[in-house]
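Residue numbers (this note's numbering): 2 to 386. Don't be surprised by glycine CBs; every beta carbon is placed ideally from N, CA and C. As the structure is a prediction and not an experimental result, all values here were calculated from the model.
In structure tokens, the structure reads:
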């Protein structure tokens, strides 16, 4: 009786709460298709691109930046973070073709206490400040932008006097592995950090999407710059929290920023998730245990109850399963996938639970936060302690 209630009605109550409340995160209303007024004058912007071993995507990324239709002063700074695959040489070749538009910096060795990406961003930010822009646009080396993306980013920042505007780039979703796991990755992120709450100045919820972040330089300097978050593996959300303390921020989904990074196999997505999942839990074994139990209750229990319980508990299990499938539909439409994937969400959630546990194991064995050949989490944590 008690088990039937716990595994049948508690998950249903949780999913009904998420459906009816929780800022309606699943509706995906926070999109950059929302109209925004253009400013009378276009402020100066410097784009900062941290790049380490990105030779397969860097040309398309930089060409999309160079093609921006922006009326204000705009410059690009790429920081070659000690690449050994020809990334720097390719970027310098593009810079020679576009004199005065693109600067390529050779990144220095990473100091203790810094993650690699943030150290590259720091160096790019210093170079950007020398040009005295009003905004610094941090964008990843594997992101391609539509020509109007910068105009709309700046317009949205100016329209609401926002300190940070970031876009969740459309991730690659072509392979079977991507169909299975990528839409859920964005769905879970939006569930954890509801975009509506992020964009509400009255809410304490803050986050950002690191692939595309336009930061107001004065506010960034007031919080201490990139150095203030130098040890964070989940650097985008850390920056979002810091910037929201200075004023309104905005986060939304977009088609104007597209990831060039394919995830052909499950292992590729697993590495992306295990890099930061345990960091999101604060490296706490207690929080890890609670999270795994919560995932079991929310995703697995409804299926088990629906298939193997009886009576009203079984009905509650089916209803919970149906509600989560319905809530997944807007994200599936965004990625142009079959609505039937909604019923696979419990299995997908189980995979993410395994990835979360693996992330903790990697951290415990000194391989946490792996990025471009660097196990950053253990080094940063030891520096903090």
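| Check | Outcome |
| --- | --- |
| Unbroken alpha helix (DSSP H) run spanning residue 34, endpoints | Element bounds for residue 34: n/a, residue is neither H nor E. |
| Own chain, CB closer than 6 Å to residue 274, minus 5 neighbours either side, in chain order | 356 |
| Length at least 4, wholly inside the region 319 to 361: the alpha helix (DSSP H) runs in chain order | 330 to 335 |
| Extent of the continuous beta strand (DSSP E) run through residue 252 | 250 to 260 |
| Sufficient close CB pairs (3 or more, under 8 Å) joining the region 246 to 259 to the region 122 to 139 | no |
| Coarse secondary structure for residue 379, derived from DSSP in three states | Low confidence applies to residue 379: its pLDDT is 47, below 50, so where it sits in the model is not reliable enough to give any reading. |
| Residue 68 versus 15, 27, 205 and 146, residue with shortest Cα-Cα distance | 146 |
| Residues sharing a beta bridge with residue 52, DSSP | 81 |
| Option in 158, 176 and 293 with minimal Cα separation from residue 45 | 158 |
| Length at least 4, wholly inside the region 70 to 128: the alpha helix (DSSP H) runs in chain order | 88 to 98 |
| The alpha helix (DSSP H) enclosing residue 16, as first and last residue numbers | 11 to 21 |
| Residues of its chain near residue 386, where Cβ-Cβ distance is below 8 Å and the 5 sequence neighbours each way are ignored | Unreliable positioning characterises residue 386 in this predicted model, as indicated by a pLDDT of 38, which lies under 50. The coordinate reading is nonetheless provided below. Result list for residue 386: empty, nothing under 8 Å. |
| Three or more C-beta pairs below 8 Å linking the region 289 to 309 and the region 333 to 352 | yes |
| Meets three-Cβ-pair contact criterion under 8 Å: the region 170 to 186 and the region 250 to 259 | yes |
| Residue 227 - DSSP class collapsed to helix/strand/coil | helix |
| Whole-angstrom C-beta distance between residue 79 and residue 103, which should lie under 8 Å | 7 Å |
| The alpha helix (DSSP H) enclosing residue 239, as first and last residue numbers | 236 to 245 |
| Proximity below 7 Å, CB of residue 318 to CB of residue 329 | no |
| Whole-angstrom C-beta distance between residue 140 and residue 212, which should lie under 8 Å | 7 Å |
| Reduced DSSP secondary structure (H/G/I, E/B, other) of residue 285 | coil |
| Reference residue 332, options 22, 17, 269 and 28, closest by Cα | 28 |
| contact_flag[the region 177 to 186, the region 119 to 130] where n(CB pairs < 8 Å) is 3 or more | no |
| Own chain partners of residue 23 with C-beta closer than 8 Å, once the 5 adjacent residues on each side are dropped | 192 and 195 |
| Contact the region 6 to 18 vs the region 38 to 58: 3+ CB pairs below 8 Å | no |
| Same chain only: Cβ atoms within 6 Å of residue 263, ignoring 5 sequence neighbours per side | 173 |
| Residue 167 - partner residues in DSSP beta bridges | 214 and 252 |
| Run of the beta strand (DSSP E) containing residue 136, from where it starts to where it stops | 136 to 140 |
| Buried versus exposed, by CB contacts within 10 Å (16 or more), residue 306 | buried |
| For residue 54 and residue 316, the rounded distance between their alpha carbons | 52 Å |
| Residue 290, DSSP secondary structure in three states | helix |
| Residue 145, DSSP secondary structure in three states | strand |
| Residue 27 CB to nearest heavy atom of the ligand SAH below 6 Å | The model depicted lacks the ligand SAH and carries no ligand whatsoever. |
| Where residue 86 falls, given that 16 or more other Cβ within 10 Å makes a residue buried | exposed |
| Sub-7 Å separation of residue 252 and residue 199 beta-carbons | yes |
| Backbone CA spacing between residue 93 and residue 83 [nearest angstrom] | 14 Å |
| Residues of its chain near residue 88, where Cβ-Cβ distance is below 8 Å and the 5 sequence neighbours each way are ignored | 52, 53, 54, 55, 56, 59, 81 and 142 |
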